[in-house]
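Colleague:
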Amino acid sequence: MIYLNGQFLPIEDARIPVLDRGFIFGDGVYELIPVYSRRPFRLAAHLARLQYSLDSIRLDNPHSEAEWTRLLEELVERNPGEDLSLYLHITRGVAPRDHPFPVGVVPTVFMMAMPLVPPAAEMVANGVAAVTASDNRWLRCDIKAISLLPNILLRQLAVDAGAAETVLLRDGFLSEGTASSIFTVRDDKLLAVPKGPLILPGITYDVVLELAAANGIATQVREVSEFEIRSAQELWLTSSSKEVMAITALDGRPVGNGEPGPLFRQMYGLYQTFKRDIMRIQK
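All letters in the sequence shown, in the order written, are residues 451 to 733 by this note's numbering.
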């Protein structure tokens, strides 16, 4: 069961006009919210990021925070599974094809729930491979826009190489992954790229930094050079779906000793404990 413009209905019955600006222009934003034990995770933070994206493209939010909360809770109720991934998709609406913003158009709101499958135990135990590529996306990567063709093309480079992610470099410095935040460990210190227009502000990124601060893990938020990631002790990727994952090979060469490092194992354990505590409280 999905939600589309005020109705809950089976996904096979959903229809969107071909003149929707999301279809014609990619004119819209989205949000992805994990659900643990039937409760959305960090919902306020996700809705705040959604509001930021909407403000950035000058699109009025079609719902209040209370209305979003009610709709999302009902979407969970109408779909099976303890752990889910909620996808929100908002476009500027249906209008004749023309570049300027249309006047008096109602936004299109689409939501669906998908199973949230944790990373396989083998991936956690062994880590994953990644490749690097030049970050040729636009200069407003902080907007969670539905027009993801650059990310798709860059992610396909990883698929073609049998890797899990593409690590993006811009002007000799790390930005992020195509669908993840990237952390670096050097000299036993966790390095995180600062938030800004060139990266998406990750919710899991925030959780990792909070857990590091609460558990005495030395952390520095600063620009990270290409040299530093290629000579790192450890590399991690984080996202709502992958949680925290070690990158153990980069461009065919081992990261560190080619195995998930001790700081990753500590953070992975902290994250799983943190998640279990949330699930226990919610139950």
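We treat Cβ as the ideally placed atom computed from N, Cα and C, and that holds for glycine.
No experiment lies behind these values; they were computed from the predicted model shown.
How big is the Cα-Cα spacing for D592 and L648?
Modeller: 6 Å
Colleague: Where T519 and A494 are concerned, what is the direct C-alpha to C-alpha distance, given to the nearest angstrom?
Modeller: 9 Å
Colleague: List the endpoints of the continuous beta strand (DSSP E) containing H539.
Modeller: 534-541
Colleague: Pull up the distance between the alpha-carbon of M562 and that of L538, whole angstroms please.
Modeller: 7 Å
Colleague: CB-CB under 7 Å to G627, same chain, minus the five flanking residues each way: which ones, in chain order?
Modeller: E615, T616, V617, L618, L687
Colleague: Would I483 count as contacting chain C if we go by Cβ distances under 8 Å?
Modeller: The structure shown has no chain C; it contains just one protein chain.
Colleague: Quick one: grab the DSSP three-state call for T628.
Modeller: If DSSP states are grouped into helix, strand and coil, T628 belongs with coil.
Colleague: Starting from the N-terminal side, write out each stretch of the beta strand (DSSP E) that is 3 residues or longer and does not extend beyond the segment 561-591.
Modeller: Segments of the beta strand (DSSP E) lying fully in the segment 561-591: 578-584.
Colleague: R488 bridges to which residues according to DSSP?
Modeller: Answer is none; R488 lacks a bridge partner.
Colleague: Of all the options F724, E709, S506, which has the alpha carbon lying nearest to the alpha carbon of L659?
Modeller: F724
Colleague: Residues in its own chain within less than 7 Å of G531 by CB, not counting five upstream and five downstream?
Modeller: Correct list, in chain order: P565.
Colleague: Considering only DSSP beta bridges, list what K645 is partnered with.
Modeller: K645 is not bridged to any residue.
Colleague: Considering Cα atoms alone, identify which of V556, E693, L521, Q606 is closest to I653.
Modeller: E693
Colleague: Quick check on the DSSP output: the alpha helix (DSSP H) that includes Q680 runs from which residue to which?
Modeller: A small correction: the amino acid at residue 680 is Arg; Gln does not occupy that position in the sequence shown. Looking at the DSSP string, the run of the alpha helix (DSSP H) that includes R680 is 676-680.
Colleague: How far does the beta strand (DSSP E) with V617 in it reach, from first residue to last?
Modeller: 615-620
Colleague: I need the straight-line Cα distance from L534 to P484, nearest angstrom please.
Modeller: 6 Å
Colleague: DSSP beta-bridge partners for S689?
Modeller: E693
Colleague: For L452, which residues does DSSP report across the bridge?
Modeller: Before going on, a small fix: residue 452 reads as Ile here, not Leu. Per DSSP, L459.
Colleague: What's the C-alpha gap between E523 and F491?
Modeller: 12 Å
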